[in-house]
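Residue numbers (my numbering): 3 to 325.
The C-beta atom is built at its ideal place from N, Cα and C for all residues, glycine as well.
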Amino acid sequence: MAETTYRDAIRGALLEEMRRDERVLVLGEEVGVWGGSYAVTRGLHEEFGSRRIIDTPIAEAEFVGAAVGMAMGGLRPVVELMTINFALVAMDQIVNNAAKIHYMFGGQIRVPMVMRMAAGWGQLGATHSQTFEGWFAHVPGLIVVMPATPYDAKGLLKSAIRSDNPVVFIEHSRLYGMKGEVPEGEYLLPFGESDIKRQGKDVTIVTWSRMLQVSLAAAETLTKEGIECEVIDLRTLRPLDMAPVFASVEKTHRALVVEEGWTTAGMGAEIAARISRERFDSLDAPVERLGQIEVPVPYAKNLEALMFPDEARVVEAVRKLVA
Numbered sequence: 003m004a005e006t007t008y009r010d011a012i013r014g015a016l017l018e019e020m021r022r023d024e025r026v027l028v029l030g031e032e033v034g035v036w037g038g039s040y041a042v043t044r045g046l047h048e049e050f051g052s053r054r055i056i057d058t059p060i061a062e063a064e065f066v067g068a069a070v071g072m073a074m075g076g077l078r079p080v081v082e083l084m085t086i087n088f089a090l091v092a093m094d095q096i097v098n099n100a101a102k103i104h105y106m107f108g109g110q111i112r113v114p115m116v117m118r119m120a121a122g123w124g125q126l127g128a129t130h131s132q133t134f135e136g137w138f139a140h141v142p143g144l145i146v147v148m149p150a151t152p153y154d155a156k157g158l159l160k161s162a163i164r165s166d167n168p169v170v171f172i173e174h175s176r177l178y179g180m181k182g183e184v185p186e187g188e189y190l191l192p193f194g195e196s197d198i199k200r201q202g203k204d205v206t207i208v209t210w211s212r213m214l215q216v217s218l219a220a221a222e223t224l225t226k227e228g229i230e231c232e233v234i235d236l237r238t239l240r241p242l243d244m245a246p247v248f249a250s251v252e253k254t255h256r257a258l259v260v261e262e263g264w265t266t267a268g269m270g271a272e273i274a275a276r277i278s279r280e281r282f283d284s285l286d287a288p289v290e291r292l293g294q295i296e297v298p299v300p301y302a303k304n305l306e307a308l309m310f311p312d313e314a315r316v317v318e319a320v321r322k323l324v325a
């Protein structure tokens, strides 16, 4: 094992897969000389050149559509969108082309492509601080991945690149500098396997992406009060693995879903509905949900900090559940 950052874990996955398979290429805005907006692809152009590290115009619909065609033709493109917000410009290509071509051609044509995009915030304003994982998880034909640790990010990205299906791979901009243990040898992680990041007996916390770190910090604080939280990281949102969640709820009898996005019609609503439907008799309290305040994200730093679930809000929600 070696300690590495979330950013370098993703870069490592790209390096290994590009060296392994010459069909893998990367395209997006500034992915070459500048290494992308978050420096994930820095250094790749020097090794692979402009035929496999392709700088594109600022035209998401164009280069996502081009990647769909590349994938149909036998290549394995990895598209980098600067932020998940810019995926809105290419929703037709993602939702109506990439996700449906396999179905519309009777299974004869595959679309093996990865769409990497960063969610997150940091005084980026109302239109650049959003998270739309629930939108993509709504669409049959897409695999939706949202890793929370360097270990998961590398293993899941390698699996995404080798998949014969289109994968929406959502990275969190505020995790890029996070460090964690990553195996030095080859490894892949399967889709549709949630991971219990912390064992507990009193409350089940279900979460993903950056909210995992917030939830784990809250769980440590609650330990001092004698409350032990079990924290489950979904890792992939489509396919969605609920088996560990159900088993945990049978033990704790209480569940809290923590997400960074708005709760109305969000991913947390689906998870809460499944828990309530499948484990109603195990619950000693209604499933609680915690997300960001339902207004556009403000630019002002002090107001922005009030938007999102933090350790204190998770602690308060758990206390109410236990009470």
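Assuming residue i and residue j are in contact, meaning their beta carbons sit under 8 Å apart, how far apart are those beta carbons, in whole angstroms?
i	j	result
PRO79	ALA69	4 Å
GLU252	PHE310	That belief does not hold up - the Cβ atoms of GLU252 and PHE310 are roughly 30 Å apart, past 8 Å.
VAL170	VAL260	Contact flag wrong, Cβ pair sits at about 21 Å.
VAL81	PHE65	7 Å
ALA155	TYR8	6 Å
MET119	ILE172	6 Å
GLU290	LEU239	No, GLU290 and LEU239 are not in contact; Cβ-Cβ is about 19 Å, not under 8 Å.
ASN99	GLY67	7 Å
LEU308	ILE295	7 Å
ALA61	MET115	ALA61 to MET115, Cβ: 17 Å. No contact.
ALA302	GLU186	Not quite, the Cβ-Cβ distance comes to about 43 Å (not below 8 Å), so this is no contact.
What's the gap between the Cα of residue i and the Cα of residue j?
i	j	result
THR223	HIS174	24 Å
VAL320	SER217	10 Å
TYR153	GLU318	30 Å
ALA325	LEU305	30 Å
GLY38	THR58	11 Å
TRP210	HIS255	21 Å
ARG248	LEU242	Arg is not the amino acid found at residue 248; the sequence shown has Phe there. Cα to Cα, PHE248 sits roughly 12 Å from LEU242.
ARG212	ILE56	29 Å
GLY34	ALA314	41 Å
PHE134	TYR40	19 Å
ASP166	LEU190	15 Å
GLY2	LEU292	Because the chain in this structure spans residues 3 to 325, residue 2 falls outside the shown range and cannot be described.
GLU31	THR85	11 Å
ILE277	MET269	13 Å
Along the chain, where does the alpha helix (DSSP H) that runs through residue i open and close?
i	result
ILE111	Premise fails: ILE111 is in no alpha helix (DSSP H) and is neither H nor E.
LEU158	152 to 164
TRP210	Where TRP210 is concerned, there is no enclosing alpha helix (DSSP H), given that its DSSP letter is neither H nor E.
ILE1	With the chain covering 3 to 325 only, the question about residue 1 has no answer from this structure.
ARG44	That residue, ARG44, is in no alpha helix (DSSP H); it is neither H nor E in DSSP.
GLY270	269 to 280
GLY339	There is no way to answer for residue 339, as the model of the chain reaches only from 3 to 325.
Grab the span of the beta strand (DSSP E) containing residue i for me, first residue to last.
i	result
GLN215	Element bounds for GLN215: not the beta strand (DSSP E) but the alpha helix (DSSP H), 213 to 225.
PHE171	169 to 174
ALA319	Note, ALA319: premise wrong, no beta strand (DSSP E); alpha helix (DSSP H) at 313 to 324.
GLU195	Note, GLU195: premise wrong, no beta strand (DSSP E); not H, not E.
ILE234	231 to 235
Using DSSP with H/G/I as helix, E/B as strand and the rest coil, what is residue i?
i	result
PRO79	strand
THR254	helix
GLU5	strand
LEU305	helix
VAL201	Inspection of the sequence shows that residue 201 is occupied by Gln rather than by Val. In the structure shown, GLN201 sits in coil (DSSP, three-state: anything other than H, G, I, E or B).
ILE56	strand
ASP243	coil
TRP264	strand
GLY37	coil
LYS102	coil
ALA128	coil
GLY30	strand
ILE145	strand
So does the region 183 to 203 actually touch the region 39 to 58, counting three or more Cβ pairs closer than 8 Å? When Cβ pairs closer than 8 Å are counted between the two stretches, the region 183 to 203 is seen not to touch the region 39 to 58, the count staying below three.
Touching or not, the region 201 to 215 and the region 229 to 238, by the rule of three or more beta carbon pairs under 8 Å? Flag = yes, the region 201 to 215 and the region 229 to 238 touch.
Segment contact, 8 Å Cβ cut-off, at least three pairs: the region 157 to 170 with the region 140 to 148: Touching, per the Cβ criterion.
Between the region 106 to 125 and the region 175 to 186, do three or more beta carbon pairs fall short of 8 Å? Yes: the two stretches touch, three or more of their Cβ pairs being nearer than 8 Å.
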